[in-house]
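Worksheet: one structure, shown below.
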Amino acid sequence: MPWLSILMAVPVLGAVGVSLTKSDKLAKQLALAVSLVVLALTGVMAAQFNPSSATRFQFAEVYDWIPRFGVHYGVGVDGIALVLIALSAVLVPIVILASWHDADGTGAAAPPKRSVKTYFALLLVLEAMMIGVFAATDVFLFYVFFEAMLIPMYFMIGSYGGAQRSYAAVKFLLYSLFGGLLMLVAVIALYVIADKGTFMFPELVGVIQDPNTQKWLFLGFFIAFAVKAPLWPFHTWLPDAAAQAPAGAAVLLVGVLDKVGTYGMLRFCLELFPDAAKFFTPLVIVLSVVGIVYGAIVAIGQTDIKRLIAYTSISHFGFIALGVFAMTAHGGAGATLYMVNHGFSTGALFLIAGFLIYRRGSSQIADYGGVQKVAPLLAGTFLIAGLSGLSLPGLSSFVSEFMVLLGTYERYAVPAIIATSGVILAAIYILWMYQRTMTGPTAESVKGFTDLNIRERWVVAPLIAVIIALGFFPKPVLDVINPAVDQTLSNVHVDQFTPAVADKKGAGQ
Amino acid sequence: MQSPVEIVQHSGGVIGVSWLMIALPLLGAAILLLGGRRTDRWGHFLGVAMSLAAFVVAVVSFVEILGLPESERRRGIELYQFIPGIADMGLLIDPLSISFALLITGVGSLIHIYSVGYMSHDPDRRRFFAYLNLFVAAMLLLVLADNYVALFVGWEGVGLASYLLIGFWQFKPTAAAAAKKAFIVNRVGDFGLLIAIFTVWTTFGSVAFGDLSGATVSEAIGSGGASQGTITAIGLLLLLGACGKSAQLPLQSWLLDAMEGPTPVSALIHAATMVTAGVYLVVRSGAFFEAAPTAQLVVTIVGVATLLAGAIIGCAKDDIKKGLAGSTMSQIGYMMLGAGLGPVGYAFAIAHLITHGFFKANMFLGAGSVMHAMNDEVDMRRYGGLFSVMKVTAVTFIIGYLAIIGFPLLSGYFTKDGIIETAMEHNQILGWLAVVGAGITGFYMSRMIFMTFFGKKRWADDAHPHESPSVMTVPLVILSIGSIFLGAFLILDNRFMKFLAPAVGAPEELPAFHFVSTAGLATLALVAVGAAFAWFRYGAAEVPRVAPRGSFLTTFARRDLYGDALNETLFMRPGQWLARIAVFVDNRGIDGLVNGLAATIGGTSGRLRRVQTGYVRSYALSILFGAAVVVGALLYVGNM
Amino acid sequence: MGETITFWVLAVVSVSAALGLVFSRKAVYSALMLGVVMLSLAVLYAVQDAPFLAAVQIIVYTGAVMMLFLFVLMLVGVDSADSLVETIKGQRFWATIAGLGFAALLALGAGNMVFAPAKGVGAVQEAGGNVPALAQLIFTRHVFAFEITSALLITAALGAMVLAHRERVRPKATQRDLARARFTGPQPSPLPGPGTYALHNAIDMPALLPDGSVSPQSINRVLARHEQEDGVRPTDPVKAALVKQVIDKDVAIEEDVAATEAAHQEDAK
Amino acid sequence: MTTHYLVLSALLFAIGGAGVLVRRNAIVVFMCVELMLNACNLAFVTFARQHGNLDGQLIAFFVMVVAAAEVVIGLAIIVMIFRTRRSASVDDANLLKY
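These protein sequence lines map, in sequence, to chains A, B, C and D. The number in this note's numbering is simply the position in the first sequence, starting from 1, with 4 added. The number in this note's numbering is simply the position in the second sequence, starting from 1, with 1058 added. The number in this note's numbering is simply the position in the third sequence, starting from 1, with 199 added. The number in this note's numbering is simply the position in the fourth sequence, starting from 1, with 4 added.
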């Protein structure tokens, strides 16, 4: 059964259906139904996935697309791609439910009413693109999805965003295009230099041997992914885009879209150009560590909730990149798990912040205070999401952050130590924000707040449940991720980590 | 020298289901938090029930442990794979952890019961009990975990519970700020703990306590797999973690602010249990500390410095809870000192920890009772003469007081003197400093007693003090009984040391307790001097209702030894500046660079745009030039 | 030899005519100069074994195209002369450079080529001469292109009609409308026809009003200006004054237009 | 002889080009364009003779046809512009800019 094609086709057809509906309400319900169908299908597919299988890419489908250039419609998933597809499939229905009124023109800020159908159709199209980009096993197809994803997101920011939406949307688009074009050059160069007559990823692994060529091609891919991820110092588009986008779109932007960057680093940068990756590792690690600390410090100084969350994400993306380039099994698995967990925890933060902003019409921290008193559930869930953001043990981010730091420490102790200081800074930015918005005497403008309604509870509950469940029992996900990461690292040819003591013993014998 | 015994995998019995100790309070917390207002009416009973149930499990487990031969008293329980390949979720039930479990569930249950009365007027009492249950669960996970990662989960869990409970009255900005401060300062400690865990992992390839025995560590040093420096680093980093949790110097500043929380919280978390987690960590990691004398020395120095600092702070506080908090700091300093002294010290430290859990909880709850009676007044200058109106509270409080100053034959006498004497054997300077600390303790605790229960009434006009309900006084009585007898029971005949030996090891020759010794006598003498001085200042003399300005030393102590000021000038202000600068750099620098580039391109094209004059003749001119170039190129190529 | 003489004569004529085309101020002169060039080229075609083209050149270009040009010139106003002031900065300078350079390049290119003696088209024409040979090519090998040109011409004709067509924006005036307009206007009576009381019926003679004076409305402005430029003045002082008045008014309007134009260009800069 | 014809053609073409650049009257500009076309035709005819086939003449013929069509449309456009703007200057039609 062509699972992946179905997963992409269903949301696209759904989007067509949504745009043809007569009433806005029907459009919303249909969009939600379609996304739930996709979720169910993903669940069935994931259940059939065999982590220990010898075939790396499962559910593979390959058809010729442009035979002249060896471009294929090639899809297939390994563990890494599977969990990210699952992440998208879980987040989209939640986002749809959360965005129920985003385009209605209701809300305290009294935004203008915009086309509801278009918004939900765009969401579904975006879902198809996100699944496609993670499923693509053809480098060219990956590139196509990589760029095509920008289009729905551009419209979601540019048409449905906040006051400065067009600035943010254009900035987002230009940044991404800049990276994307560099990648296009590298993709074409890869095809030409590999001289295999194909863009299929599995056939291109290990083909480029010349170190210099590797370096250039690596840079082409890496810059694109570094912009996408975003890594310091390519990050400034994210706070603008995330702050201006409607909360739902911000979730998908930060939660899934940006993961394509780190996913690409793990999948393409490392495997296609292992020597170059090792050569550039010091640079990337420095960028990541700077990003972790810098993102956190700038987050502390923010006065806008959404921008603050965006900067925390920059810090977190530093962790993910650090884990990827530590090139240890724990680092890689931790980074992959982090991609999933970050999607959920930042998603929850953005959505709950969105609910908050919907009530008050302002994203300025100073406009709030004492929300806990009037809306305890809102505050409580916000706190849990925030604690996950500061990777409190027992919540999902901890496991991944711990694994990333541990994996990094195995090979690069000093950067790991500096990165660990991020946990202190994370506590400061999250708790200070919580203190300023939720505690203290109830602000006058906050007095009329209502607590989360039924719909909002349905949005928050699954996220919190996943965060806590993965926090205590990450094994199911890690079991899927680990073999895939091991496979990746074996293509990179790095030494396995051995503890110092065992190392000595081995040497002694 | 007797080493800790090997861990035996356990199944069956109550120990086999000892995870219920953690699960039950956790379940309680979950029900109370998810149930919402529906559970308001019976929520507190559920909380108490869950805590008591955990206590029962702990007691039965304890009995089962006692029934086992000494060499099999460390029982490991596999629960499930937590992070595959790194750490499993497993429990370690051994004399050390079960002692803690008893303390936590026992004192915890008493405080739960007390809180039913204390919080009866609070509309959010259910939430309070949910948090208390959450705390108990996390604290038990902390002490029962069989590896550092699971311990860290509990470690942060208690941090969270502490955060939630300090900030329980969130509408008070001071409470919210104190909660945040506690969490962040703790995080600094966690930073150390995390890196310690990383180093342990990269050095030994395991984080389970069972794989990290003293033998393993010395073998690693011997084979060169781990350098002495690495072990010392592990020790110091663990100590940093312990300092954060146990409010030791230099991470002590949060504890005094933490008194913003409801009083039962101060009693349970910030006196009896959570703040002692650092001591537990040091004792549990004995394998590393024993292999790293430098680290051990630092532990003792930190302990002594903190015990003095806490005592000095305690002398100047007029807020009864803050006075007690300073005393807590100081007592944990004693424990830390003991924990840095090897197996003998461990036993005294843990014993002191347990007795301290009793008498300090007793005094905190007593203080809560006083506040309850005095309309939540905390200033001791507004108390005075309360003995006559609340006798039960006063008597139990005085028992706690006598225990803490080391009145002969009460709990504190045995455990504190044990630590002081062991320290004296190790290092005279540390020992004498500890004696001085005991003297100061005698002063400030007596001051508290005199100002609160004796002397003239300095009450506010609308104060009508009365004895608290029995739901609050019964726990006080039980705790005060513990404060009287527990010390003697644990220390005499080295009962506790023998019990702990399978877990932490013991010296070949067990020390005998000397009722008469130089250190003991000196301590008693100094305590007496301190108490007399306090009587002279606060018992016999009039206590002014407004604090006098005081000497430099008083101000120094009142300002918490300028710890907050130091933090503020060294970290907070520069940190805020750094954040502001970073934001500026981000907006103007990095983003400015990008936007500047965009503006340059925009400006250039804006100027280039002017070439499009709209005059067709200009265009024709450029076309002609182009044609000329093409022709020229063709000619050139043709001629080549 | 005959060809050489013809070439040189016609070369000189056509180049001077082309220069005249570019440099003469009046468009009509330019048009005439273009005609000269075309005719010269027609002869050169004939000399170069292309009689058919020569004929077509004369018929189509000199006959039809030049007529069109003149026709449009008349339509647009033959009396306006180009202003000689260049308004685009540097245009003239760069145009000269580019023109000269381009000419030099092409001429150099052509001059440097070494040609074998021309083959002449005689061989391919065989019997029947130039026209049948061309016809054969057109209707065999190039028939498709030829048909396309026919379509092009039709399209062009249609296009010209569409472009030149003026949409009626208000209903056609009925007789009633005209009558009303006339009686509500300033002059209900018909305008004086030229020469009503005149001694001449020539167009340059203004009409006289019943009182014997000249009607200013009947003065032909174009002729009046030509006469003035040629220095011819009406002898009658009254008539001269009137003519001057009309011309002045015209000039004033022209200057006004020129000024606005200049102002516009100034703005544009 | 061929060279002479070609040089003449080049000169006429350049003069026509310069005329397009310096004259502002649209009709005159048009005439200059015609001059350039004619110069090309001359070159075509010359090359036809040089190479001894009729293709050059043929293309000249087609050029004439196309030129005729172009003149028709071009002049129609000029007339239309003149009607609305009362001007035949190419510089006046400069709204499509920046």
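No residue lacks a Cβ here, since even glycine has one placed at the ideal position from N, Cα and C.
A Cβ-Cβ distance of about 21 Å is found for the pair LEU312 of chain A and MET157 of chain A, leaving them out of contact under the 8 Å criterion.
By a beta-carbon distance limit of 8 Å, THR1260 of chain B does not contact ALA1291 of chain B. Their separation comes to about 12 Å. Collapsing the DSSP output to three states places PHE477 of chain A in coil. CA-CA distance, SER414 of chain C to VAL437 of chain C, rounds to 11 Å.
For ARG420 of chain C, not one C-beta of chain D is nearer than 8 Å to its own C-beta. With a threshold of 16 other beta carbon atoms within 10 Å, TYR102 of chain D falls short and is exposed. In terms of Cα proximity to GLN306 of chain A, the closest of A:GLU65, A:ILE369, A:LEU429 is A:ILE369. Where PHE1140 of chain B is concerned, the enclosing beta strand (DSSP E) starts and stops at 1133 to 1141. For ALA1691 of chain B, not one C-beta of chain D is nearer than 8 Å to its own C-beta. For THR1386 of chain B, there are no neighbours in chain A by C-beta distance under 7 Å, as the nearest C-beta there is about 23 Å away. Within the model, the alpha-carbon separation for SER1264 of chain B versus PRO1142 of chain B is close to 12 Å. Distance from the CA atom of GLY1336 of chain B to the CA atom of LEU1200 of chain B, rounded to whole angstroms, is 11 Å.
Along the stretch 1069 to 1103 of chain B, there is no position whose C-beta sits under 7 Å from a C-beta of chain A.
Residue environment: LYS448 of chain C is assigned as exposed (fewer than 16 neighbouring CB atoms within 10 Å of its CB, all protein chains considered). Under the DSSP assignment, ALA58 of chain A falls outside any alpha helix (DSSP H); it carries neither an H nor an E label. Residues of chain A with a Cβ closer than 9 Å to the Cβ of ASP1204 of chain B do not exist, since the nearest Cβ in that chain sits about 16 Å away. Inter-residue distance for PHE1573 of chain B and GLN1389 of chain B is about 21 Å (C-alpha atoms, whole angstroms).
Here ARG1505 of chain B is near ALA1592 of chain B, since their CB atoms are less than 8 Å apart. In this structure, ILE100 of chain A and PHE63 of chain A do not form a Cβ contact; the two beta carbons are roughly 25 Å apart against a cut-off of 8 Å. Note on the stretch 1619 to 1657 of chain B: whole alpha helix (DSSP H) runs with a minimum of 4 residues are 1621 to 1625, 1631 to 1642, in chain order. Taking a C-beta distance under 8 Å as the contact criterion, THR266 of chain A and ALA330 of chain A do not qualify as a contact pair. The C-alpha of GLY56 of chain D is placed about 22 Å away from the C-alpha of LEU41 of chain D.
In the structure shown, GLU65 of chain A falls within a strand segment according to DSSP collapsed to helix, strand and coil. GLN1306 of chain B counts as buried, since at least 16 other C-beta atoms from the protein chains shown sit within 10 angstroms of its C-beta. In the DSSP assignment, LEU407 of chain C is bridged to C:VAL413. Within the stretch 1676 to 1691 of chain B, those residues whose Cβ lies closer than 8 Å to any Cβ of chain C are, in chain order, SER1676, LEU1679, LEU1682, PHE1683, ALA1685, ALA1686, VAL1689, GLY1690. Residue environment for GLY1578 of chain B: buried (at least 16 other C-beta atoms within 10 angstroms of its C-beta).
DSSP lists B:GLY1134 as the bridge partner or partners of LEU1150 of chain B. In its own chain, leaving out the 5 sequence neighbours on each side, no residue places its CB closer than 6 Å to the CB of VAL264 of chain C. A straight-line Cα-Cα distance of about 13 Å links GLN1670 of chain B and ALA97 of chain D. For ARG1516 of chain B, the closest Cβ of chain A is not nearer than 8 Å. Taking the C-beta atoms as reference points, ASP106 of chain A is found nearer than 8 Å to PRO250 of chain A.
Using a CB distance cut-off of 8 Å, TYR1673 of chain B counts as an interface residue toward chain C. Its chain contains no residue whose beta carbon lies nearer than 8 Å to that of VAL259 of chain C once the 5 sequence neighbours on both sides are disregarded. DSSP, reduced to helix, strand and coil, places ASP490 of chain A within a helical segment of the structure shown.
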